[in-house]
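With this note's numbering, letter number 96 in the sequence shown gets 182, and the count goes up by one each step, no holes. Think of the CB as a built atom: it goes at the ideal place given N, C-alpha and C, for glycine as much as any other residue. Worksheet for the structure shown next.
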Amino acid sequence: MENMVKITINGEEHEVEKGKRLLLILTEKGIKTPHLCFHHALVPGASCKLCVVEVKEKNKPPKTRLSCAIKTKEGLEITTESAMVHQLRNKAIGDLLKMAPRADIIHRIGEEFGLTTGLKPDGCIRCRLCVRICKDIIGAKALKIVKREGMNYVIPSETGDCIGCGTCVNICPTGAIRSEDKGNVRKIMIRDEVIGRHPLERCEICGRRFATVKFLKHVQELEGSHPDTKEHHKLCPTCAKLHAVKDRRMLAPKL
Ligand code: SF4
């Protein structure tokens, strides 16, 4: 057919539409090629530089080019994986990460194509406040620091026991540790790692779920059997305050 040409891709001959963007052909044939900035409705901007391949035209030395910018013609020899391609993709991914270090998609592409992305930033400034407060004030020792690929990381500790108090969440200056209350469960998370998952207790007056069962037990144990505080353990902070005010009014001498 007139509008068809023969090209080779990774040593295999293919008959393809003449003048079609090579990236589209690679994608149609299931030959995975990383790309981010290509859209079929627009003329390629060639800005992400990820879709680089090696191209050899008849009687010319091979060179690297972006597959989004190549229009197919008779006799092209394409290599999608080579040392040079890999090197240029690594450079491209490094440049993209300088602009958007937290973009998941870039890290995913890096992982899929074996490119060097480094560790994904996680918002943690390694101040250790969470680890220290959990150990020194709460006494749960639920967090620890480990080294991964030369960098310190806060992770759940196997020897400690998170009680879901949320103190680490409140003290974290960057919001790297998060908590989420859903239904009757509180989750404490850092990056994708769940530090603790805890059932929540209901307030005996308003019914709102307000603290974890483990945390209330912990407070009870710390306070021992003090009669003034123990009865408020099943009350949320608002109801506990109202309750205390009512108690004071009842105890106040009538004038
Ligand atoms: S929520 Fe868990 S990890 Fe955070 S301070 Fe409390 S016990 Fe420690």
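Between I249 and N238, the C-beta spacing is not below 8 Å.
Contact check between the stretch 149-169 and the stretch 189-198: fewer than three CB pairs, one atom from each, fall below 8 Å, which does not count as touching. Here the C-alpha atom of C292 lies approximately 7 Å from the C-alpha atom of C325.
Distances from the alpha-carbon of S133 to those of C154, Q306, K142, T113 put C154 closest.
Excluding residues up to 5 positions away in sequence, C289, I291, C292, R294, F296, A297 lie with their Cβ nearer than 8 Å to the Cβ of C322 in the same chain. I191 sits in a helix when the DSSP states are folded into three classes.
Looking from the CA of T253, the closest CA among E279, L229, T119 belongs to L229. Nearest to H304 by alpha-carbon distance, out of R264, G225, C123, I263, is G225. Listed as beta-bridge partners of S265 by DSSP are I274.
Between the ligand SF4 and L286, a heavy atom-to-CB distance of less than 7 Å is absent.
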